[in-house]
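Q: Have a look at this one.
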Amino acid sequence: MTTPAPKDTTAPADAPFDPLDFPQDLLDAQLREATLYAELHALQAKLPWSREPHEKWPDDKEHKRPGRPATEGWSEEEAAAYDKLWDDLRAATAAVQGHAWWQRCETEGIKGGALVAARTALKHTTGFSRQRCSKRTSKQPRERPPHHLQPTAVAA
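And the structure:
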């Protein structure tokens, strides 16, 4: 009994470039960014409304502004946790935005609105929405974004 040869997953040389065939490291970076965003959002929901101590103020019915209760502000631990998540989120976002894939897309003629559509499609890839941060398993196919989000090549 012999082991079958591994399936060749590389695209043929004459196949057109697909800007939606994101590399795994970019997908992983996007997942990290989405996960950190969700964690930061969850932490913000638990924290008092002001980082610093503040007195309460009443509703302003004339301008339709709700009042706020008094707060003692955030503890040092809460502030440190928030700052760390925020720094990590900025770094993760920079990793996604500065990924070499976007330069390759431009080299392949994906520019302007088509490049924006590709970046948007990455954010809408299965498992990467900010509301639902569950990682796609290798057995699940990568879902294509809606037609209006699929980029088209732009003539140079």
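My numbering numbers the first residue of the sequence shown as 9 and each following residue consecutively.
Idealized CB from N, CA, C, for every residue including glycine.
Could you round the C-beta distance between A37 and H107 to whole angstroms and report it? I think they count as a contact, below 8 Å.
A: Confirmed, Cβ separation roughly 7 Å.
Q: Return helix, strand or coil for A163, following the three-state DSSP convention.
A: Confidence in A163 is poor, its pLDDT being 49 and thus under 50, which makes the residue's placement unreliable; the coordinate value appears in the next sentence. In the structure shown, A163 sits in coil (DSSP, three-state: anything other than H, G, I, E or B).
Q: Mind reading off the beta-carbon distance from E41 to V104? Whole number of angstroms is fine, and I expect it under 8 Å.
A: Correct: roughly 5 Å between the Cβ atoms.
Q: Per DSSP, which residues does W65 bridge with? Please list them.
A: R76.
Q: For W65 versus T79, is the C-beta spacing smaller than 9 Å?
A: No, these two residues do not count as a Cβ contact at 9 Å.
Q: How about F25 and E116: do their beta carbons lie closer than 9 Å?
A: Yes, the pair counts as a contact, with Cβ atoms nearer than the cut-off.
Q: Given K92, which residues of its chain have a CB within under 7 Å of its CB, disregarding the five upstream and five downstream residues?
A: Cβ neighbours of K92 beyond the five flanking positions: none.
Q: From P61 to P27, what distance separates their C-alpha atoms?
A: Cα to Cα, the separation comes out at about 49 Å.
Q: Is any non-hydrogen atom of the ligand NAP found closer than 8 Å to the C-beta of W57, if you look at the structure I gave you?
A: Here there are no bound small molecules, and the ligand NAP is not part of this structure.
Q: Would T101 and F30 qualify as a contact pair, given that the criterion is a beta-carbon distance under 9 Å?
A: No.
Q: Using C-beta distances below 8 Å, list every residue in its chain close to L97, excluding the 5 sequence neighbours before and after it, in chain order.
A: Taken in chain order, the residues that qualify are E41, L44, Y45, L48.
Q: If you follow the alpha helix (DSSP H) that W57 is part of, which residue opens it and which one closes it?
A: Note, W57: premise wrong, no alpha helix (DSSP H); not H, not E.
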